[in-house]
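Just so you know, the working numbering puts 120 at position 133 of the sequence shown, and the rest follows in order with no gaps. Every residue gets a Cβ at the ideal spot worked out from N, C-alpha and C, and that includes glycine. Below is one structure, written out as structure tokens, with a few remarks after it.
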Amino acid sequence: MTEILYDEIPSLDLADFTSGDAEKKAAFVKKLGDAYQNIGFVAIKNHGLNQDLQDRLYAVIKEFFALPDNVKTKYEKPEIGFQRGYTGKGKEHAKGRNTGDLKEFYHVGQELSDIPESDPIKSEYPANIWPEELPEFKTVALEIYKTLENAGKNMLRAIALHLGLEEDYFEDKVAYGNSILRQIHYFPIENPDAVPADAVRAAEHGDINLITLLMGASADGLQVLRRDGKWIPITALPDQLVVNVGDMLERLTNKKLKSTIHRVVNPPRELMHTSRYSIPFFMHPRSEMDLTCLESCVDANNPKQFEDATAGEFLDERLRELGLKK
């Protein structure tokens, strides 16, 4: 493997993979593989999500988060581990930390009416929760969910080819998978002295899932930890999505692909009173997916580093570590 220290995350064109041009497709897979084996992040364009749709969702979530706290908490469901609906300020913390992150968020999952009655996965998911104050939220959020899910499937096809697997290896594993569209509000801090000294917008962490697709965040602050210990800023152009490897994919590939630690740092003190909004799509497989390390990723130089587990077992363990499940 070529070791590369990137100063910024590589930019790729997903159209190179989907266009039907074999040469461009192979070049895309090679660049993606290099990036995911070294820094775990890329930015992609031509992903299918248009700016108008993004703008509409950002507008509606700004309206939601501007509602009074007593209205928002109507949509908070701790009894389902906050898998759907609203999660209040400071409820989530990074693995290994007790201080809550300076954020609140809203979860949208698979729409149950889209899943065939014959599929047993339907009984595993709670129904989505839609705020009655914002009827347009449902329409735009579900359209974006499907668009990002489709882009994610294309990325997983490229990842499968890089790993020497059949191109459709992930297809049945992510069909009606437990993916989450998370609308995040990093709320303004009017009095910086009143928050814990170690509180940050999102403490350093790896994502749980297979891959994450991030719609352009509304302010700076996202950083990724390079292999040499240097934090580099992640910036994407308005027409790009940032797509990174999650812990499930790192586990499946026995760390061949990197689930790189990242964080959202607080703005300068004079900007602490401003909001930041961000919308990641966490692409999860079905709960029964076997995350046992691929045999092709285990050898004498890279012995197996993880216990066998299903995606459902791993997710359950991590939700407890994050304080979202008791």
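Residue from the options with nearest C-alpha to residue i
i: valine 252; options: Lys245, Thr279 and Val211; result: Val211
i: serine 283; options: Asn165, Asn241 and Asp(-6); result: Asn241
i: glutamine 38; options: Glu130, Glu120, Gly20 and Asp277; result: Glu130
i: cysteine 280; options: Ala287, Arg250, Met235 and Arg307; result: Met235
i: glutamate 300; options: Ala287, Phe293 and Ser274; result: Ser274
i: aspartate 315; options: Leu(-1), Glu(-5) and Glu(-10); result: As displayed, the chain neither begins before -12 nor continues past 313, which places residue 315 out of reach and without an answer.
i: glutamate 237; options: Glu50, Asn57, Asp303 and Leu150; result: Leu150
i: serine 166; options: Pro272, Glu50 and Asp295; result: Pro272
i: leucine 239; options: Leu89, Leu278, Lys217 and Glu91; result: Leu278
i: serine 6; options: Leu306, Ala145, Arg305 and Gly208; result: Ala145
i: phenylalanine 51; options: Pro122, Asn289, Phe293 and Leu302; result: Pro122
CB of residue i within 7 Å of CB of residue j, strictly
i: proline 118; j: tyrosine 62; result: yes
i: tyrosine 264; j: histidine 192; result: no
i: methionine 276; j: lysine 160; result: yes
i: lysine 64; j: glycine 72; result: yes
i: asparagine 33; j: alanine 2; result: yes
i: phenylalanine 157; j: valine 47; result: no
i: leucine 201; j: proline 267; result: yes
i: isoleucine 31; j: leucine 228; result: yes
i: glutamine 97; j: tyrosine 163; result: yes
i: glutamine 41; j: tyrosine 93; result: no
i: glycine 203; j: alanine 223; result: yes
i: valine 58; j: leucine 148; result: no
Proximal residues to residue i (C-beta, below 7 Å), its chain only, five neighbours per side dropped
i: alanine 128; result: Leu44, Val95 and Leu168
i: serine 262; result: His172, Tyr173, Phe174 and Pro175
i: arginine 35; result: Correcting the residue identity first, residue 35 is glycine in this sequence and not arginine. The residues are Thr134, Asn137 and Ala138.
i: isoleucine 67; result: Pro113
i: asparagine 115; result: Arg71, Val95, Gly96 and Glu98
i: leucine 54; result: Glu120
Beta-ladder partner(s) of residue i, from DSSP
i: asparagine 289; result: Asp286
i: histidine 249; result: His192 and Val211
Spatial neighbours of residue i in its chain, beta-carbon cut-off 6 Å, leaving aside the 5 residues before and after
i: aspartate 194; result: Gly233
i: alanine 22; result: Pro(-3) and Val29
i: asparagine 231; result: Gly27, Phe28 and Thr199
Cutoff 8 Å; reference residue i; Cβ partners in own chain excluding five residues on either side
i: tyrosine -7; result: Ala22, Asn25, Ile26, Arg213 and Ile219
i: threonine 60; result: Tyr73 and Gly75
Complete alpha helix (DSSP H) runs within the stretch 14 to 80 (minimum length 4 residues, chain order): 38 to 52 and 56 to 59
For the stretch 148 to 224, which segments carrying the alpha helix (DSSP H) assignment without a break, of at least 4 residues, lie completely within its bounds, in sequence order? 158 to 161
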